[in-house]
Amino acid sequence: MRDWWWNEDGHSSTEPVSVRSTGGDWNVGSWYTMTVSAVGDTITAYLRNKGDPFSSAELIGQLYDHTSQYSSGGLGFITNGCEAHIDNVVIYDDAASYDSETITAISVPFDQEHETDNQIKFAISDNAGNIGTSNAYTVKIDATEPTIEITSVTSSQGTDNWYEETANELYYFSDDDGIAHVVTLTGDISDGGSGPQKVSFSSCFDETPQDDTNVGGGTWTSDQATDYEIAAGGGDPGGTVTVTAHDNAGLTNTDTVTFNEDNA
Numbered sequence: 002m003r004d005w006w007w008n009e010d011g012h013s014s015t016e017p018v019s020v021r022s023t024g025g026d027w028n029v030g031s032w033y034t035m036t037v038s039a040v041g042d043t044i045t046a047y048l049r050n051k052g053d054p055f056s057s058a059e060l061i062g063q064l065y066d067h068t069s070q071y072s073s074g075g076l077g078f079i080t081n082g083c084e085a086h087i088d089n090v091v092i093y094d095d096a097a098s099y100d101s102e103t104i105t106a107i108s109v110p111f112d113q114e115h116e117t118d119n120q121i122k123f124a125i126s127d128n129a130g131n132i133g134t135s136n137a138y139t140v141k142i143d144a145t146e147p148t149i150e151i152t153s154v155t156s157s158q159g160t161d162n163w164y165e166e167t168a169n170e171l172y173y174f175s176d177d178d179g180i181a182h183v184v185t186l187t188g189d190i191s192d193g194g195s196g197p198q199k200v201s202f203s204s205c206f207d208e209t210p211q212d213d214t215n216v217g218g219g220t221w222t223s224d225q226a227t228d229y230e231i232a233a234g235g236g237d238p239g240g241t242v243t244v245t246a247h248d249n250a251g252l253t254n255t256d257t258v259t260f261n262e263d264n265a
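For the sequence shown, the positions run 2 to 265 when this note's numbering is used.
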């Protein structure tokens, strides 16, 4: 037999509680990438029912706010309905006990007039009809791509058998002298939103340097242990290298440099 707790109005005496996740897809302090009319991005919230014994809780809506409503002088949260259910949430007399599940809130239509003024909160109801609403949490949205620039391309042979056409980012090399070129790229990276995360490198000359994740200081370099190597003996016809900047919200930007063989 199930026991039910009721208040004077015929409802359960304690409201359920919804809280922000500290794990999963929505990490505290994380940045997210959304377009102005984003409908496909997901945010995972961690819901906790800390109220009724033998009750369950259901997410009944997402309430979101964005910057255009701040300018009108009010928060103006708008409900965006969704479906998610927390089953078999069993709460005992111990007030510290709780159960939980993770749900995904979809189609959060944030605008991006400012990157940190967007907010979201969640409402859940229990079987007794009580509604609990979470606090409003800021969702930091990064709308700006990182910047990246190749500032230096050097050969292990120095300037021997190496010609730089700086204006077009073209490099000519001769590889028929029996000596290989080991090519190192360096450059700058910046991101004013979520911050730079790493620089990755495309494959060329049958080599793919490892990602550079030490980019917090605003510079990067290709890994010397896995750098591009232009083989000796005229075996490499050249190619284009693409370096890609990644920020912590998943936005990217690229720069390229081209190498041409010249053994004539």
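C-beta atoms are modelled at their ideal positions from N, C-alpha and C, and glycine is treated no differently. Please read these numbers as outputs of a predicted model, since none were measured by experiment.
With DSSP as the reference, label residue i as helix, strand or coil.
i: Thr15; result: Here the model assigns Thr15 a pLDDT of 43, short of 50, so the residue's position is not dependable, and the following value carries that caveat. Coil, per DSSP.
i: Gln225; result: helix
i: Asp4; result: At Asp4, the pLDDT of 33 sits below 50, so the modelled position is not reliable; the number obtained from the coordinates is stated separately. Three-state result, Asp4: coil.
i: Val216; result: coil
i: Asp256; result: strand
i: Asn261; result: strand
i: Glu150; result: strand
i: Ile180; result: coil
i: Gln198; result: strand
i: Ala246; result: strand
i: Asp189; result: strand
i: Ser157; result: coil
i: Phe206; result: coil
i: Gly251; result: coil
i: Thr241; result: strand
Output the distance between the C-alpha atoms of residue i and residue j, rounded to the nearest integer angstrom.
i: Asn215; j: Trp221; result: 7 Å
i: Asp228; j: Phe202; result: 10 Å
i: Asp143; j: Ile190; result: 16 Å
i: Thr155; j: Val244; result: 15 Å
i: Gly219; j: Asn254; result: 15 Å
i: Asp192; j: Ala250; result: 10 Å
i: Glu262; j: Ala226; result: 23 Å
i: Leu186; j: Phe206; result: 14 Å
i: Val184; j: Ser175; result: 13 Å
i: Leu48; j: His182; result: With a pLDDT of only 49 at Leu48, under 50, the local geometry of the prediction cannot be trusted, and the value read off the model is given with reservation. When rounded, the distance between both Cα atoms is 57 Å.
i: Val242; j: Thr145; result: 24 Å
i: Gly159; j: Gln211; result: 23 Å
i: Leu252; j: Gly217; result: 16 Å
i: Tyr173; j: Val258; result: 11 Å
i: Glu208; j: Phe260; result: 14 Å
i: Ser157; j: Ser223; result: 13 Å
i: Gly240; j: Ala232; result: 13 Å
i: Ile180; j: Glu230; result: 11 Å
Say yes only if the C-beta of residue i is nearer than 7 Å to one or more non-hydrogen atoms of the ligand PLP, and no if none qualify.
i: Thr148; result: Ligands are entirely absent from the displayed structure, and the ligand PLP is therefore not among its contents.
Could you tell me if residue i is buried or exposed, where buried requires 16 or more neighbouring beta carbons within 10 angstroms of its beta carbon?
i: Asp161; result: exposed
i: Pro238; result: exposed
i: Ser153; result: exposed
i: Tyr164; result: exposed
i: Ala246; result: buried
i: Asp213; result: buried
i: Ser204; result: exposed
Assuming residue i and residue j make a contact with CB atoms under 8 Å, what is their CB distance in whole Å?
i: Gly188; j: Asp256; result: 7 Å
How about the region 183-200 and the region 146-160: do they share at least three Cβ pairs that are nearer than 8 Å?
yes
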